[in-house]
Amino acid sequence: MLDSSRDDATVDRYRFGACDSQGENCAPVTSVSMVPNGLAWMRLQDDGSGAVLAVRPLNGVGITRPVSAVGAKLYPSDLFPVFDDVRQDRHVYAAWLISSGARQSLGTFGSDQLLAVAGGAALTLHAPGASPIVRAVSVPSARQVDMDDLGALGPPKGYPVLAGVAVNGRRFCELVNVFAGEQPSQSEMPLESFVRCGHLPAV
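Sequential numbering of the sequence shown, starting at 10, is according to the working numbering.
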């Protein structure tokens, strides 16, 4: 990691070894996430039973904790590491509060898929048929606002697939590919690709 205001200033470096610091859990890192106070990454459990979350703040004590969800991953966030979890046999999303060292449940967002957390809101994907909708859901109040109806890019043009999302404060951008079929293969080329950007609403 380099301080972009200087050409040669190294701020910090993290080495992703094949195993954890105890020489155990020899499994790959599956996702990483920058947070304002450092870096977080998710590693699979070597027995396939779940995942391990590692948080390394630039200031403060790092943590390494197991996460219940199999295939858990980190989501873009402008504040805390946000990840999949399983609590009391329910699949939920959770945040790791670096300052207190506590896990906070963010809920399930119904059947919507979490995309990112920024500006006090969760961005989710609501996908009724061929008309997916990107929503902002207030973390404190659960109030919802529809932000982008991707169905406008859909039939007869094709089928829109949200391929990625980036957040920065209250700004967000989406990468959307439009395919000829409703279930494209991994090797299929899109008919069109779009980058759609906007501002998070006050929710």
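All C-beta atoms, glycine included, are put in the ideal place defined by N, C-alpha and C.
Predicted, not measured: the structure shown is a model, and the values here were computed from it.
Since residue i and residue j are thought to touch, with beta carbons under 8 Å apart, how far apart are those beta carbons, to the nearest angstrom?
i: F92; j: K82; result: 7 Å
i: L162; j: V185; result: 6 Å
i: D51; j: L62; result: The question names Asp, but residue 51 in the sequence shown is Met. Correct: roughly 6 Å between the Cβ atoms.
i: V44; j: S147; result: 20 Å between Cβ atoms; not a contact.
Give the DSSP bridge partners of residue i, in chain order.
i: Q153; result: V146
i: P75; result: V61
i: M198; result: Partner(s): none; M198 has no beta bridge.
i: P169; result: V187
i: Q113; result: A104
i: D94; result: V101
i: G207; result: F181
i: V176; result: F181
With residue i as the anchor, note down where its beta strand (DSSP E) starts and where it stops.
i: L134; result: A130 to H135
i: Q223; result: Because the chain is modelled from 10 through 212, residue 223 falls outside the range shown and cannot be assessed.
i: G47; result: G47 to L53
i: D87; result: It is not in any beta strand (DSSP E) - D87 carries neither H nor E in the DSSP assignment.
i: V38; result: V38 to V44
Nearest to residue i by CA position, among the options, is which residue?
i: V154; options: P193, G160 and L132; result: L132
i: A125; options: L171, P164 and S140; result: L171
i: V204; options: N177, A189 and G173; result: G173
i: R96; options: T117, V143 and V44; result: T117
i: A127; options: N46, A103 and D87; result: D87
i: G178; options: P165, P164 and H208; result: H208
i: T39; options: G47, P45 and Q54; result: Q54
i: P193; options: C206, V212, R180 and G167; result: G167
i: R74; options: C206, A60 and M156; result: A60
i: N46; options: G69, D56 and S58; result: G69
i: D157; options: R99, P210, S196 and G110; result: P210
Using beta-carbon positions only, say whether residue i and residue j come within less than 7 Å of one another.
i: V101; j: S114; result: yes
i: S108; j: D94; result: no
i: I72; j: V64; result: yes
i: A151; j: A130; result: no
i: A189; j: C182; result: no
i: S42; j: A49; result: yes
i: L159; j: P137; result: no
i: P169; j: V187; result: yes
i: Q122; j: L134; result: yes
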